[in-house]
Amino acid sequence: MSIRNPWLAAAILAAIAAPAAAQQTITKRASVAADATVEVSNVQGIVKITAWDKNEVELVAELESDKDELEFEATPRKVRIEVDRPNSRYGRDQEDANLTVRVPRGARLIVDTVSADVTVADVRGEQDLESVSGSVGTQAYDAPVKAASVSGDVTVTGTGGKGAVKVENVSGTATVTGVLGSLEGEVVSGEIHATIAAAELIDVNSVSGDITVNAELTSTASVDMESVSGTITLKIKPPVNADFDIESFSGDIENCFGQKARDTSKFTPGSELSFTQGNGGARVELQTLSGEIRVCDR
Amino acid sequence: MSTLPFGPRNPPEDPLLAKAAELPKDVMPQRDLWPAIAARIGQAGEPPAKPAFRWPLALAAAFLVASVSALLTWSLLRDPQRASPPVIAEAPTAGADIVPVRYGPNSGISAAEIAARDALLSQFRDALVTLKPETREAIQKNLAVMQAAADEIDAALAKDPASGMLQGMLAGTYKQELSLYSTVVTKRDGLTRRT
């Protein structure tokens, strides 16, 4: 087929060429300290951060929109990477900005996105990762990790380090596995699923979402789990040496250690259960309004 | 190390004490406490109730103040030009149908706390237009979840006004609501240019 109208041919060529001209790939590098702070902000697309054995930050940014502005500011102590997008309603500007960043292994990360997914691998420094609707996934080492999303899922995988982990979610699911020491979590309707070894601190709560925690408790552990209407399930790895205080306003309490809950009042439907299992020591406090509480060692 | 004089002997020298002295001596309760008291009197055979501890609400209020002030400070520091007349990019409609959580008569949340929440809410509504439709939908669903929780807690507080557990849960729900607004506003303001 041949196109005889030169204006039509030009229009077609322009239409084909325009997207190609709009998309741009930008590479930036900077030498930094081994524990430099790296701040990354993005609206839409992905943020992928991996660690390497160089004291350098490298950014490869693929910007689909020519409206996006890339900012890259670097000092030896701090690098700031930001994709700045004109204020707009969702639906008009759907082009992605995909950021691939390599950072020193000991870097400290601060990442903020609106709907961009965030993945981090092998970074040992402190991490503060937040998104509105993007998913957030990372690994926990010895430094604290905070991973939060409003509607995206959050995944934190432990690697044997003792860094405190904090997850926040509204409707997404927060999954934490293989973490040592400390876990704090908050969800609204989302769920929390966590496995934690040598737990010193577990403090998780939900509005309606279910919370399931498999934990090995130290003798001084402090466990607080609370839900308004979600189900709380706590499975403790034997041997269990803990003091339990369980309270429910109207939900059921299931305790596989044998002790039965008693009514708190003849005027309200509340029930409570306090007991010591084994030698005691760890403190476990579980509360719900209308959800169910299950505690067991298997 | 010198020690600052402190106490009633030095009120004029201590501006904090001078201000404290100006505070009203009588403070009216935020709501009618009599129905709850009457209900408790009816439980004469019951062991004395635990004193109502208000620290969860105080904590939530502190969170609110910290969130709002941090948000404002952050906005000003980030781009001073944004502090002067706010430029509304386009008339937002996506946030118009957002209904904030209504806290019942037993919640103890003050009008000032609700007003501060509503100030944050208006920014949140503006920010919603930048989010994906499915995210907006998820947010609306979760506000409905919070509303159901607030209603359930309020009903439970009517039966057991002194329950620290219930007050803590209400404060937690309030904090979750504020945290949601704050997160969306912060991310929107931080990552988009107002043109």
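Residue numbers (our numbering), protein chains in the order written: chain B, 1 to 298; chain E, 1001 to 1195.
The C-beta atom is built at its ideal place from N, Cα and C for all residues, glycine as well.
From a predicted model like this one, the values you see are computed outputs, not experimental measurements.
Is there a Cβ of chain C sitting closer than 8 Å to that of E/Asp1151, yes or no? Although the question refers to chain C, the structure presented lacks it and instead comprises the protein chains B and E.
Could you tell me if the beta carbon of B/Asp96 falls within a distance shorter than 7 Å of some heavy atom in the ligand PLP? In terms of ligand content, the structure shown is empty, and the ligand PLP therefore cannot be addressed.
Inter-residue Cα distance where the pair is E/Thr1130 and E/Arg1188: 7 Å
Beta carbon of B/Ile211, beta carbon of B/Ile232: below 8 Å? yes
What are the start and end residues of each continuous beta strand (DSSP E) run of 3 or more residues lying completely inside the stretch 123-179 of chain B, in chain order? As far as the stretch 123-179 of chain B is concerned, its whole beta strand (DSSP E) runs of at least 3 residues are 127-131, 136-140, 145-149, 154-158, 165-169.
For B/Ile26, count neighbouring C-beta atoms within 10 Å of its own C-beta (all shown protein chains included) and say buried if the count is 16 or more, exposed if not. Burial is judged here by how many other beta carbons sit within 10 angstroms of a residue's own beta carbon; B/Ile26 has fewer than 16 and is exposed.
Would E/Ile1139 pass as an interface residue toward chain B - the criterion being a Cβ-Cβ separation below 8 Å? yes
Using the rule of at least 16 other Cβ atoms within 10 Å of the residue's Cβ for burial, across every protein chain shown, is B/Val335 buried or exposed? Chain B is shown from 1 up to 298; residue 335 of chain B falls before or after that span and cannot be answered.
Does the beta carbon of E/Asn1106 sit closer than 8 Å to a beta carbon anywhere in chain B? no
What does B/Leu289 reach in chain E if we use C-beta pairs closer than 9 Å? Under the 9 Å cutoff, chain E gives Ala1149, Glu1152, Ile1153, Ala1156, Met1165, Leu1166, Met1169.
Since B/Lys166 and B/Lys146 are thought to touch, with beta carbons under 8 Å apart, how far apart are those beta carbons, to the nearest angstrom? 4 Å
For B/Ser31 and B/Thr75, the rounded distance between their alpha carbons: So the two alpha carbons sit approximately 8 Å from each other.
State the DSSP-derived secondary structure class of E/Lys1050, mapped to helix, strand or coil. Residue confidence is low: E/Lys1050 scores 42 on pLDDT, short of 50, so the model does not pin down where it sits. Its coordinate-derived value is still stated next. Three-state DSSP puts E/Lys1050 in coil, outside helix and strand.
Given a threshold of 16 other Cβ atoms within 10 Å of its Cβ, counted over all protein chains shown, does E/Asp1118 qualify as buried or as exposed? The residue in question, E/Asp1118, is exposed, as its Cβ has fewer than 16 Cβ neighbours within 10 Å.
Indicate whether E/Ala1150 and E/Thr1173 have their beta-carbon atoms separated by less than 8 Å. yes
Rounded straight-line distance, which links the Cα of B/Ala36 to that of E/Asp1154: 48 Å
Where the beta strand (DSSP E) containing B/Ser208 begins and where it ends: No beta strand (DSSP E) holds B/Ser208; DSSP gives it neither H nor E.
Is the CB-CB distance between B/Val188 and B/Ser208 below 8 Å? yes
Where in the stretch 23-105 of chain B do unbroken runs of the beta strand (DSSP E), each at least 3 residues long, occur, reported from the N-terminal end onward? Runs of the beta strand (DSSP E) lying entirely within the stretch 23-105 of chain B and spanning at least 3 residues, in chain order: 24-31, 37-42, 45-52, 56-63, 69-74, 78-86, 97-104.
Simplified DSSP assignment, three categories, for B/Arg298: coil
Bridge partners - B/Gly230, DSSP secondary structure assignment: Partner(s): none; B/Gly230 has no beta bridge.
Proximal residues, the stretch 186-220 of chain B versus chain E, C-beta separation under 8 Å: Glu186, Val188, Ser189, Asn205, Val207, Ser208
Along the chain, where does the beta strand (DSSP E) containing B/Thr276 start, and where does it finish? 271-277
Of all the residues that make up the stretch 259-291 of chain B, which are near chain E by a beta-carbon distance shorter than 9 Å? Taking 9 Å as the cut-off between beta carbons, the residues of the stretch 259-291 of chain B near chain E are Thr264, Ser265, Lys266, Phe267, Thr268, Pro269, Gly270, Gln287, Thr288, Leu289, Ser290, in sequence order.
Report the rounded CA-to-CA distance for E/Lys1175 versus E/Ile1098, giving the unit in angstroms. Straight-line Cα distance between these residues: approximately 17 Å.
Below 8 Å, how does it come out for the stretch 124-133 of chain B and the stretch 59-76 of chain B: are there three or more Cβ pairs, yes or no? Judged by Cβ distances under 8 Å, the stretch 124-133 of chain B makes no contact with the stretch 59-76 of chain B, as fewer than three pairs qualify.
Does DSSP put B/Asn255 in a helix, in a strand, or in coil? strand
Apart from the five residues on each side of it in sequence, which residues of its chain come closer than 6 Å, Cβ to Cβ, to B/Leu289? Val228, Phe249
Taking B/Ala242 as part of the beta strand (DSSP E), name the residues at either end of that continuous run. 242-248
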